[in-house]
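Reading through the structure tokens given below for one structure.
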Amino acid sequence: MDIMQLIKRNEIPVPWSEGEKIPWKDSEFSERMLKHHLTQEHDLASRRFEIIDKHVDWIHNKLGGKPSKILDLACGPGLYSNRLTKLGHSCRGIDFSPASIKYAREQAIKEGVEIDYVLEDIRTADYGDNNDLALFIYGEFNVFKPVDIKCVLKKAYDSLKEGGLFIAEPNRYETVKRVGTSPASWYSSQEGLFSPKPHLCLTENFWDQEKHVATTRYCIIDAETNNVTIHASSMVAYTRENLEQIVREVGFKDIVFYESLSNGKKDLDKNLEVVEARK
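For the sequence shown, the numbering used here gives the first residue as 54, with consecutive numbering after it.
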């Protein structure tokens, strides 16, 4: 795409019409993304290790401190699975980012822990069975189309043993709406997440009030060639009533909400909330 085509772009994109997600499964993109997962300077991709440690303790206590079989959906570089395995649990982590899964596998070998890391889309992956816990954290819940999230929830439900626990961490409704109603912005960079070369990134946000969906469009302009690449990502905003309804529809019961993964305001992430349910 060139700049003239950019100017003629659709003014308001239909959610998911310009791509379902930014290119996590692209090998080069995933390598750049991995750096953001591992940095201790911010919590944009993954949390800092000191926060993860607190969350892992809370999850471990939720399981009664007993060795359990855990399914870690959209596991990224395995920062939770690795720690949970060291506490005696058996983990399967699924993610479609090549660099994240490669890193997770290498760390498991390096540290002598046995973890089943699967490189696949969680919409199609095998979840196994007889799981004690299905973990689905850090806002991944919102990025799927409604039909796809129902599929993921049903697969998670079916993979659990009777009485098994499901813990998800969706973005709050207000968080998603705030993204969709944010003004357009831009920045320049010598290198960054979307390109290893000098570029401009133009960002537009859109809010679909009828569907409760925020869409962000990233227009990446190569500084040398003026070539334009567009990425887009959409997120569904859910109220707690919405969340309870769709979780209950696939069969879950005993649904409880928490303010954070440590159930305390000290670690409260104002953008996220936690929903817990049982099979």
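Every residue gets a Cβ at the ideal spot worked out from N, C-alpha and C, and that includes glycine. Please read these numbers as outputs of a predicted model, since none were measured by experiment.
Three-way DSSP call (helix, strand, coil) for residue i in this model
i, result
"His90", "helix"
"Glu193", "helix"
"Phe219", "strand"
"Ile273", "strand"
"Phe209", "As written in the sequence, residue 209 is Ala, which differs from the Phe given in the question. DSSP places Ala209 in helix when its eight states are reduced to three."
"Ser235", "coil"
"Asp201", "helix"
"Arg85", "helix"
"Val67", "coil"
"Lys230", "helix"
Buried or exposed by the 16-neighbour rule on C-beta atoms within 10 Å, applied to residue i
i, result
"Asp185", "buried"
"Lys122", "buried"
"Arg101", "exposed"
"Ser238", "exposed"
"Asn135", "buried"
"Pro130", "buried"
"Asn195", "buried"
"Glu326", "buried"
"Lys323", "exposed"
"Val149", "Residue identity check: residue 149 is Phe in the sequence provided, not Val. Flag for Phe149 reads buried."
"Ile202", "buried"
"Gly216", "exposed"
"Thr234", "exposed"
"Lys332", "buried"
"Met57", "exposed"
"Tyr133", "buried"
"Ser287", "buried"
"Val266", "buried"
"Glu193", "buried"
"Ile147", "buried"
"Val205", "buried"
"Tyr240", "exposed"
"Ser80", "exposed"
"Thr92", "exposed"
"Val232", "buried"
"Ile60", "exposed"
Any chain B beta carbon closer than 8 Å to residue i
i, result
"Glu326", "In the structure shown, chain B does not exist; there is a single protein chain."
Beta-carbon separation (whole angstroms), residue i vs residue j, contact threshold 8 Å
i, j, result
"Pro223", "Leu296", "7 Å"
"Ala209", "Ala187", "4 Å"
"Glu329", "Tyr311", "7 Å"
"Thr268", "Pro68", "5 Å"
"Pro66", "Phe259", "6 Å"
"His252", "Ile274", "6 Å"
"His113", "Ser153", "That belief does not hold up - the Cβ atoms of His113 and Ser153 are roughly 23 Å apart, past 8 Å."
Three or more C-beta pairs below 8 Å linking the stretch 73 to 80 and the stretch 272 to 283 | No, the stretch 73 to 80 does not touch the stretch 272 to 283.
Any alpha helix (DSSP H) of 4 or more consecutive residues that is wholly inside the stretch 90 to 177 = 102 to 115, 132 to 139, 151 to 164
Looking at C-beta atoms only, is the number of pairs between the stretch 188 to 201 and the stretch 218 to 237 that lie closer than 8 Å three or more?
-> Contact check between the stretch 188 to 201 and the stretch 218 to 237: three or more CB pairs, one atom from each, fall below 8 Å, which counts as touching.
Stretch pair the stretch 142 to 160 + the stretch 168 to 179: three plus CB contacts closer than 8 Å = Output reads yes: the stretch 168 to 179 touches the stretch 142 to 160.
Is there contact here, the stretch 140 to 153 with the stretch 109 to 123, by at least three beta-carbon pairs under 8 Å?
-> yes
Tell me, please, whether the stretch 303 to 310 touches the stretch 246 to 255 by the rule of three or more beta-carbon pairs shorter than 8 Å.
-> no
Note down, one range per segment and in chain order, each alpha helix (DSSP H) of at least 4 residues found wholly within the stretch 241 to 323.
-> 293 to 302
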